[in-house]
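Residue numbers (my numbering): 181 to 235.
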């Protein structure tokens, strides 16, 4: 068997993360939390039996 060696260096990071990219990542991370915070109370309201009125 022969081995092939490549002497390529990994590409350097350029630091091109701009404001738009950061805003996009924050909004993308917050979207699932928004769905859960809206869906969980709605599903609990729809599935739990109503409680008797408190006097």
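By construction, the Cβ of each residue, glycine as well, lies at the ideal position given by its N, Cα and C atoms. Note that this is a predicted model, so its numbers are computed, not measured.
(request) Have a look at residue 208 and residue 200 and give me their C-alpha separation to the nearest angstrom. (result) 12 Å
(message) If you reduce the DSSP assignment to three classes, tell me which class residue 194 lands in.
(response) coil
(request) Following the continuous alpha helix (DSSP H) through residue 224, name the residue where it begins and the one where it ends. (result) 199-227
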